[in-house]
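Numbering (full-length UniProt numbering), first residue to last: 1 to 534.
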């Protein structure tokens, strides 16, 4: 029996004619989505289509409990050494109608894939076998059956494992030793599996699904092949130009890294979180937290309100306001050195905001004891920061418009004075907005308008330049209300594929006389939409 783990593992045979207690125990261990392999009863030819009482009992016992259970046959078409009648000769083989009917009558789906002994299935047969398996996966169990259980069956089992690994994005490479452990017998079978490996290598690794992306962003790496996801992300973002399929050791080998899987999961998480962050804003500084209290009645508080900003970079403890009035708004500045021991942190270094409240000691005559706790309404929470490059700013406005009530849980006497966390919010790099939104521009557009005022047009020829680029014509002898737009190819104008937005500091509009002394014209406006490459 081969559990469908996707790894190269030794094959233990399940004998179809031996429905003993041990075999039943093996059968009951088959979980949905697994496959096993088997051979026919002793003294019965691989071409003999009879399903005797014992073999039928075993097959039904193992396969029928799951609806539409599936049996895949990899049997030889030759007659071998079996003595058979002429009628039996006609019915022999994987496509024998007697076999099909017997299996159909027991509710077992059947996929015949005839292969001669010591030969291999074709790539087309491998694909058919995989499609048949995935069609029944999750609803039933699959048995791969042939003359003995080694060779042809083991070749198909190995092919299924290869497909399963590729589906999950795993990066293992199968060797002759792996084939031997899986009881692949013949060089032609090894060659067929090598050809399948090559074909699967040529196919791109699957992009991480939405579920995998969500799990990665949450830091949950269970059930995720982190190395494969990391490779797919790096290829998709052109971070790595290496082949998409490589051995586990290639990406998993890290110096001083005790857990490569966790390391690669964290690396994939970081890439996913920061893939849309401009390179100039990978690090931030001068961080501030803004809290605005609602202007509704009773939205202020008698309490002392605080907050924390925390994550992989460390923890910043902030004081927001003491007994804030309704409608008030305050910005609390983070002491970067005291909180993080550095002036700049990575934008992914913060992942949590908390709000807290504590009662304030009051004279004994105050009703309720030494402190009075209450509920208060927060309208907005914002984070703002400078990027490492001073020309860029970062803001997280995800919690603007929150309008939620929070409050200290209260208690007796000193319990009212204790600082209690009242709210917690998650922060991810994807929540941040950056101004400008990118550092490198791969395409520029322009929009130019003249006013619709009388005599707002001109007989002159208008053009413009950006920094030291080539002159770009706008129009000549244009009427009032004139409008034009277009796209700028950086390669043609600036001589390079991408332009650093920090270099775009000057735009000049030219009025070129078209004969005569020129005239005045009414300028409406001009702007430059851009297409970023981050």
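Think of the CB as a built atom: it goes at the ideal place given N, C-alpha and C, for glycine as much as any other residue.
May I have the straight-line CA-CA distance separating residue 391 from residue 502, to the nearest angstrom?
8 Å
To which residues does DSSP link residue 376 through a beta bridge?
406
Please name the residue, chosen from 279, 265, 178, that lies closest to residue 194 on a Cα-to-Cα basis.
178
Looking at C-alpha atoms only, which residue of 419, 153, 524 is the closest neighbour of residue 452?
524
For residue 435, count the other beta carbons within 10 Å of its own beta carbon; 16 or more makes it buried, fewer makes it exposed. Which is it?
exposed
Can you give the Cα-Cα distance for residue 405 and residue 300, rounded to whole angstroms?
10 Å
Spell out a yes or no on whether the segment 304-314 and the segment 346-354 are touching, meaning 3 or more CB-CB pairs, one atom from each, closer than 8 Å.
Touching, yes, given that three or more Cβ pairs across the two stretches are closer than 8 Å.
Apart from the five residues on each side of it in sequence, which residues of its chain come closer than 6 Å, Cβ to Cβ, to residue 167?
none
Return the CA-CA distance between residue 160 and residue 101, expressed in angstroms with no decimal places.
The straight-line gap from Cα to Cα measures roughly 26 Å.
With burial defined as no fewer than 16 other Cβ atoms inside 10 Å of the residue's Cβ, what is the status of residue 376: buried or exposed?
buried
If I follow the unbroken alpha helix (DSSP H) through residue 129, where does it start and stop?
123-136
In this structure, does DSSP put residue 537 in helix, strand or coil?
This structure cannot speak to residue 537, because the chain is shown only from 1 to 534.
For residue 521 and residue 447, I'd like the C-alpha separation in whole angstroms.
Cα to Cα, the separation comes out at about 17 Å.
Between the C-alpha atoms of residue 423 and residue 337, what's the straight-line distance to the nearest angstrom?
26 Å
Terminal residues of the continuous alpha helix (DSSP H) containing residue 177?
176-181
Going by beta-carbon coordinates alone, are residue 109 and residue 154 separated by less than 9 Å?
no
Should residue 62 be labelled buried (16 or more other beta-carbon atoms within 10 Å of its own) or exposed?
Annotation note: pLDDT 29 at residue 62 (below 50); position unreliable, no value reported.
Can residue 480 and residue 455 be called in contact, C-beta distance under 9 Å?
yes
Let me check one thing: in DSSP terms, what residues is residue 425 bridge-paired to?
353
One question on the structure: do residue 303 and residue 386 come within less than 9 Å of each other, judged by their Cβ atoms?
It is not a contact, given that the beta carbons lie outside the stated cut-off.
Please name the residue in 380, 357, 335 whose C-alpha comes closest to that of residue 328.
380
Using the C-alpha atoms, what's the distance from residue 323 back to residue 397?
25 Å
Taking the beta carbon of residue 414 as the centre, do at least 16 other beta carbons fall within 10 Å, making it buried, or is it exposed?
Of the other Cβ atoms in all chains shown, fewer than 16 fall within 10 Å of the Cβ of residue 414; this residue is therefore exposed.
Using DSSP with H/G/I as helix, E/B as strand and the rest coil, what is residue 83?
Any reading at residue 83 needs caution, since the residue's pLDDT is 25, under 50, leaving its predicted position unreliable; the model's value is listed next. Residue 83: coil per DSSP, three-state reduction.
Check whether the Cβ of residue 305 lies closer than 9 Å to any Cβ atom in chain B.
The structure shown has no chain B; it contains just one protein chain.
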